[in-house]
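Notes follow once the structure below has been shown.
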Amino acid sequence: MGTEFSNIYDKTTMKKIIVILFTTMVLGCGKASDQNYEDLKKVSVKMKINEVHSVMRNKPLNLETAPWADSLLVENYESPAGASDHYKIIYKKRDSIVVRVEWGD
Numbered sequence: 041m042g043t044e045f046s047n048i049y050d051k052t053t054m055k056k057i058i059v060i061l062f063t064t065m066v067l068g069c070g071k072a073s074d075q076n077y078e079d080l081k082k083v084s085v086k087m088k089i090n091e092v093h094s095v096m097r098n099k100p101l102n103l104e105t106a107p108w109a110d111s112l113l114v115e116n117y118e119s120p121a122g123a124s125d126h127y128k129i130i131y132k133k134r135d136s137i138v139v140r141v142e143w144g145d
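Here the working numbering runs 40 ahead of the position in the sequence shown, where the first position is 1.
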């Protein structure tokens, strides 16, 4: 009987731990995407990349050459879980000036 009780206790404890970890992960991701959304409102065309980085609280996921134009750079930022694309800031490669901000879908 003692073994059955400890197995139930272990399963219950594990379920609680999993729920807590999942909740923490979801809330943590939501916070970053919410911050990115608020910060992107402050980013405007013709800003320099260093100005953008002083506004954005979170680091970009990556910086890459735009697949549609070698003369552009794209910085991707975390967006909400249900979005079909990341938030993007697009710069001219030549001078790192913002040419467009994309909000995902």
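In this text, a Cβ means the ideal position worked out from N, Cα and C, and glycines have one as well. Every value quoted in this text rests on a predicted model; they were computed, and no experiment measured them.
N-terminal and C-terminal residue of the beta strand (DSSP E) that residue i is part of
{"i": "N116", "result": "L112 to Y117"}
{"i": "I137", "result": "It is not in any beta strand (DSSP E) - I137 carries neither H nor E in the DSSP assignment."}
Per-residue burial, residue i [other beta carbons within 10 Å of its own, 16 or more giving buried]
{"i": "H126", "result": "buried"}
Nonlocal neighbours in the same chain, by C-beta distance under 8 Å from residue i, ignoring five residues either side
{"i": "T105", "result": "L112, L113, V114 and K133"}
{"i": "V59", "result": "none"}
Span of the alpha helix (DSSP H), counted from its first residue to its last, around residue i
{"i": "N102", "result": "Looking at the DSSP string, N102 is not in any alpha helix (DSSP H); the run it does join, the beta strand (DSSP E), is N102 to T105."}
{"i": "V92", "result": "I89 to V95"}
Cutoff 6 Å; reference residue i; Cβ partners in own chain excluding five residues on either side
{"i": "S119", "result": "S73, H126, Y127 and G144"}
{"i": "V139", "result": "I130 and K132"}
{"i": "E142", "result": "K128"}
Which of helix, strand or coil DSSP assigns to residue i
{"i": "K128", "result": "strand"}
Contacting residues, own chain, Cβ-Cβ under 7 Å from residue i (five flanking each side not counted)
{"i": "K71", "result": "none"}
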